[in-house]
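These protein sequence lines are chains A and B, in that order. The opening residue of the first sequence carries number 1 in the numbering used here; numbering runs sequentially from there. The opening residue of the second sequence carries number 1001 in the numbering used here; numbering runs sequentially from there. The beta carbon of each residue, even a glycine, is placed where N, CA and C say it ideally should be. Please read these numbers as outputs of a predicted model, since none were measured by experiment. These notes are about the structure you will find just below.
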Amino acid sequence: GAVVSQHPSRVICKSGTSVKIECRSLDFQATTMFWYRQFPKQSLMLMATSNEGSKATYEQGVEKDKFLINHASLTLSTLTVTSAHPEDSSFYICSARESPETYNSPLHFGNGTRLTVT
Amino acid sequence: GQNIDQPTEMTATEGAIVQINCTYQTSGFNGLFWYQQHAGEAPTFLSYNVLDGLEEKGRFSSFLSRSKGYSYLLLKELQMKDSASYLCAVRGDYKLSFGAGTTVTVRA
Chain A
1 GAVVSQHPSR VICKSGTSVK IECRSLDFQA TTMFWYRQFP KQSLMLMATS NEGSKATYEQ
61 GVEKDKFLIN HASLTLSTLT VTSAHPEDSS FYICSARESP ETYNSPLHFG NGTRLTVT
Chain B
1001 GQNIDQPTEM TATEGAIVQI NCTYQTSGFN GLFWYQQHAG EAPTFLSYNV LDGLEEKGRF
1061 SSFLSRSKGY SYLLLKELQM KDSASYLCAV RGDYKLSFGA GTTVTVRA
């Protein structure tokens, strides 16, 4: 089955630093990848849609300059949390559908990144 | 916008059956997904419904009624490993939105 690899799985950083999270589709191509954020016992909240070769589409309330997304190839998208603050501590999960997408294509999720900002 | 509701927690005994309900209100409808998520892990796909009716997949079944904006996930012959959070997700016009998840605890 389709595999999405996300790295790192855990990261602890100091306030004010930046953290990059990578998301790779290992055995399929993905023109679109999605970045979600999940707080404990809460729903997955879509942050942005990453489009290969073009700018990401951000959801309302998500700061573009703070959460930088780059989708440089059909198998790799990165999320950089810039100038991290403790309130950015969360579980970040990327996901992708195989290309070409069909209406019933399920999302394949990476294993998530637990970010802790101290 | 999209509004997806499901119960927060459910508890059941090993070998029993549990039904997790999900109600939704969305702008557009292009299918409903159920995912399983163990603590600290990524969600894994369980089922997809786009037409009314029941989809059966082994011990898991999912039902959809579009007119009622309602779905349920049925877990039969519960096993301890089924203890997890179950997420209802609806694909609207533009994106997939998730409910907050139902934590199912299976007791021996």
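Per DSSP, the bridge partner or partners of residue i
i	result
residue 60 of chain A	DSSP lists no partner for residue 60 of chain A.
residue 1056 of chain B	B/1061
residue 20 of chain A	A/80
residue 1074 of chain B	B/1019, B/1061
residue 65 of chain A	Answer is none; residue 65 of chain A lacks a bridge partner.
residue 70 of chain A	A/78
residue 50 of chain A	A/33
Proximal chain A residues relative to residue i, where beta-carbon distance stays under 8 angstroms
i	result
residue 1055 of chain B	Per Cβ cutoff of 8 angstroms: no residues; residue 1055 of chain B is ~11 angstroms from chain A at best.
residue 1084 of chain B	In chain order: nothing, as chain A lies at least about 13 angstroms away.
Min CB distance residue i to chain B below 8 angstroms
i	result
residue 93 of chain A	yes
residue 109 of chain A	yes
residue 60 of chain A	no
residue 106 of chain A	yes
residue 46 of chain A	yes
Test: residue i CB closer than 8 angstroms to a CB of chain A
i	result
residue 1007 of chain B	no
residue 1095 of chain B	yes
residue 1048 of chain B	yes
residue 1063 of chain B	no
residue 1033 of chain B	yes
residue 1045 of chain B	yes
Proximal chain A residues relative to residue i, where beta-carbon distance stays under 7 angstroms
i	result
residue 1058 of chain B	Here the premise fails: no neighbours, minimum Cβ distance about 16 angstroms.
Distance between beta carbons of residue j and residue i, contact taken as under 8 angstroms
i	j	result
residue 23 of chain A	residue 94 of chain A	3 angstroms
residue 15 of chain A	residue 106 of chain A	37 angstroms between Cβ atoms; not a contact.
residue 1078 of chain B	residue 1016 of chain B	5 angstroms
residue 3 of chain A	residue 26 of chain A	4 angstroms
residue 1004 of chain B	residue 1065 of chain B	That pair is no contact at about 15 angstroms.
residue 59 of chain A	residue 48 of chain A	6 angstroms
residue 18 of chain A	residue 84 of chain A	7 angstroms
Neighbour list for residue i in chain B, Cβ cutoff strictly below 7 angstroms
i	result
residue 43 of chain A	1098, 1099, 1100, 1101
Where residue i sits in the DSSP three-state scheme
i	result
residue 1081 of chain B	helix
residue 88 of chain A	helix
residue 1020 of chain B	strand
residue 28 of chain A	coil
residue 1093 of chain B	coil
residue 96 of chain A	strand
residue 10 of chain A	strand
Contact list for residue i against chain B, beta-carbon separation under 8 angstroms
i	result
residue 112 of chain A	1040, 1041, 1042
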